[in-house]
Structure formats: structure tokens, C-alpha cells
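K.L.:
Below you'll find the structure I mean.
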Amino acid sequence: MAVSGSSARSTLIVQLSPTRNAKLSFTVQLILTLFWLAWAVMLLFSADRTYEQSYLYYAFFGLAVIFFFYVILQNTSIFGVQSYIEVTPEYIVQKFGVFRTKHIILIPDIAAVHITPLALRVTLKDGEQVYLDLKQVRKKRDLNRIKHTIRDLSEVHQFELTDNVGNNA
70 MAVSGSSARS TLIVQLSPTR NAKLSFTVQL ILTLFWLAWA VMLLFSADRT
120 YEQSYLYYAF FGLAVIFFFY VILQNTSIFG VQSYIEVTPE YIVQKFGVFR
170 TKHIILIPDI AAVHITPLAL RVTLKDGEQV YLDLKQVRKK RDLNRIKHTI
220 RDLSEVHQFE LTDNVGNNA
């Protein structure tokens with residue numbers, strides 16, 4: 070059963086795609102990591118067992134495995150959504166990945182929001198400006214939902230809203 074109106078779920082969570090702003094795409098990162106793993110395995114199995122410093126091969130292999138899991142965690146949702154924007158009636162949260170901090174903006178602290186096609190510029194009551202990059206939003210529908218929710222919040226909480234996009238959400 071669909072819920073609508075004021076009883077609708079008040080939290081909007083939109084998944085981000087971290088690879089859209091990465092210097093190397095996910096595919097390149099994955100290929101390089103798999104090459105690193107293959108090289109480490111080759112070193113382990115071809116190493117002379119009498120060699121005193123073979124522990125370095127194990128360390129090299131361990132680092133390759135750790136980096137492999139890091140790449141998977143940052144770029145896929147296998148272990149749950151790690152990069153997201155969450156908009157609620159009380160706050161806006163932007164998180165760019167597992168090992169990065171959350172950026173939390175309390176709605177009552179907002180003085181103004183400027184909406185552009187791929188960003189939100191939030192001005193807080195203390196004069197600080199926070200830039201929320203929306204380039205990583207995966208779907209255009211999600212991008213429009215974020216902007217529409219911000220427009221609704223501006224009406225409820227009476228903060229200034231300027232919009233370069235228009236109300237074509």
C-alpha cells in the first residue's frame with residue numbers, strides 16, 4: 070500500500086556513486102588490485118622457503134587483500150550503502166564512503182540554500198557556507214527528489230531558497 074501526503078516516510082536516503090569523481094574508475098582500480106593480488110600469490114608460491122625475509126611476501130599479500138576489500142567497500146553496495154545523502158526534517162547528512170566522516174547540517178541552522186543543477190550551496194545562520202556536491206547521485210530521479218525535498222523543507226522551516234533549476238522536479 071502506497072503512503073502519501075504528510076504521513077509519507079520523512080527520510081530520503083539517496084545512494085552516491087563514489088567512482089564518478091575518482092581519479093581512477095572502479096574497473097581500473099579493480100584490475101590493478103587483482104593484478105597486485107596475482108603478483109603477491111606468485112611471489113608466495115615461487116619464494117625460496119629458506120629465504121629469511123619471506124615474511125615480506127606475506128605482508129605484500131596481506132596489503133593486497135586489504136586494498137582489495139577497501140576498493141570493494143568504497144565502490145559497491147555489497148556490504149550495504151556506504152556513500153549517501155540523507156535528508157530528514159531535522160538534518161541533512163552527506164557521507165562519501167566507509168572511511169570518511171559524515172557531514173551533518175541541522176535544518177534549524179540553515180539560513181539559505183542555493184540549488185544548482187549538480188550542487189546545493191547551504192548558508193548557515195552563522196555565515197558558514199557548506200557545498201553539497203550532487204554529481205555522484207546515480208539517478209536523475211533521485212537528484213530531483215533531493216531538490217524537491219529541499220524545496221519542501223524551505224517552506225516548512227522558512228529559510229531562503231534560490232533555484233537555478235526551476236521547479237521542474
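In terms of my numbering, the sequence shown opens at residue 70 and continues consecutively. Think of the CB as a built atom: it goes at the ideal place given N, C-alpha and C, for glycine as much as any other residue.
With 16 as the cutoff for other CB atoms within 10 Å, does L212 come out buried or exposed?
P.N.:
Answer is buried; the Cβ neighbour count reaches 16.
K.L.:
What span of residues does the beta strand (DSSP E) with R190 cover, start to end?
P.N.:
Taken as a continuous stretch (DSSP letters only), the beta strand (DSSP E) holding R190 covers A188 to L193.
K.L.:
What does K164 pair with, by DSSP beta-bridge criteria?
P.N.:
Paired residue(s): Y153 and K171.
K.L.:
Beta-carbon separation of Q143 and I154 under 8 Å?
P.N.:
Contact: no.
K.L.:
Quick one: what's got a C-beta closer than 7 Å to L99's C-beta in the same chain, skipping five residues either side?
P.N.:
Here the set comprises V140.
K.L.:
Going by C-alpha distance, which of V110, F137, F165 and A133 is nearest V206?
P.N.:
Taking only the C-alpha atoms, the option nearest V206 is F165.
K.L.:
Output yes or no for whether 8 Å exceeds the beta carbon distance between Y126 and L113.
P.N.:
A contact, by the Cβ cut-off of 8 Å.
K.L.:
Alpha carbon to alpha carbon, how far is I82 from V182? Give it in angstroms, no decimals.
P.N.:
Cα-Cα distance, rounded: 19 Å.
K.L.:
Please tell me whether D232 and I179 are closer than 8 Å, where the distance is taken between their beta carbons.
P.N.:
Going by C-beta atoms, D232 is not nearer than 8 Å to I179.
K.L.:
When you compare only the Cα positions, how much space is there between L222 and P158?
P.N.:
Going from the Cα of L222 to the Cα of P158 covers about 7 Å.
K.L.:
Give me, in chain order, the residues of the same chain whose beta-carbon lies closer than 8 Å to that of L193; leave out the 5 immediate sequence neighbours on both sides.
P.N.:
Taken in chain order, the residues that qualify are I174, D178, I179, A180 and V199.
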